[in-house]
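S.K.: Below you will find the structure I want to go over with you.
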Amino acid sequence: MEWTIIFTDAYEAWFDHLLEKEKIAIATDLQVLAQMGPSLGRPYVDQVKGSRFSNMKELRTKVSGHVYRSLFVFDIHRQAVILNGGDKKGKDQARFYKRLVAEADELFAEYLQSIEKK
551 MEWTIIFTDA YEAWFDHLLE KEKIAIATDL QVLAQMGPSL GRPYVDQVKG SRFSNMKELR
611 TKVSGHVYRS LFVFDIHRQA VILNGGDKKG KDQARFYKRL VAEADELFAE YLQSIEKK
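Below, the structure is given as structure tokens:
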């Protein structure tokens, strides 16, 4: 079974600014997520701490010395909603996650409101 993956505008804007080799590496990991769905675990996926949503996870991609994180949640339709992303290389880990998780929480809350209206 192939799992559906959808992207927020924020994620697409972030992704568009990456180098081609970074895009390829992240897209490869996203394809693994599409194939494995919620059962995918480490080293590809890990639980995120500090989120308002208990099912918030991170897709973990390493490429060219960079450490990329793409935050996502499986929604009620069992689609992976890819919310936002960032490169944590050289950053204070606590600050990096605090900002990224807060933004992902807001994006997912907006997403939930949008599907309730449908």
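Each residue of the sequence shown is one higher than the one before, counting from 551 in our numbering. Quick reminder that beta carbons are idealized off the backbone N, C-alpha and C, glycines included.
Report the partner residues of Val598 according to the DSSP bridge assignment.
M.R.: Paired residue(s): none; Val598 is not in a bridge.
S.K.: Judging by CA-CA distance, which residue of Ala644, Leu650, Gln597 is the nearest neighbour of Asn634?
M.R.: The residue with the shortest Cα to Cα distance from Asn634 is Leu650.
S.K.: Pick out whichever of Pro588, Gln643, Asp579, Ile632 has its Cα sitting closest to the Cα of Val613.
M.R.: Asp579
S.K.: Is Gly640 helix, strand or coil when you go by DSSP?
M.R.: coil
S.K.: Can you find the residues in the same chain that come closer than 6 angstroms, C-beta to C-beta, to His616, ignoring five residues on each side of it along the sequence?
M.R.: Cβ neighbours of His616 beyond the five flanking positions: Asp637, Lys639.
S.K.: Measure the C-alpha to C-alpha separation of Thr558 and Ser601 and round it to an integer number of angstroms.
M.R.: 18 angstroms
S.K.: Since I believe Phe565 is in contact with Lys573 (beta carbons under 8 angstroms), could you give me their beta-carbon distance rounded to a whole number of angstroms?
M.R.: Rounded, the Cβ-Cβ distance is 7 angstroms, consistent with contact.
S.K.: Where do the N-terminal and C-terminal ends of the beta strand (DSSP E) with Phe624 fall, by residue?
M.R.: 616 to 624
S.K.: So Leu580 is in the beta strand (DSSP E); what residue range does that whole segment cover?
M.R.: No beta strand (DSSP E) holds Leu580; the alpha helix (DSSP H) holding it covers 570 to 586.
S.K.: How is Arg649 classed by DSSP in three states: helix, strand or coil?
M.R.: If DSSP states are grouped into helix, strand and coil, Arg649 belongs with the helices.
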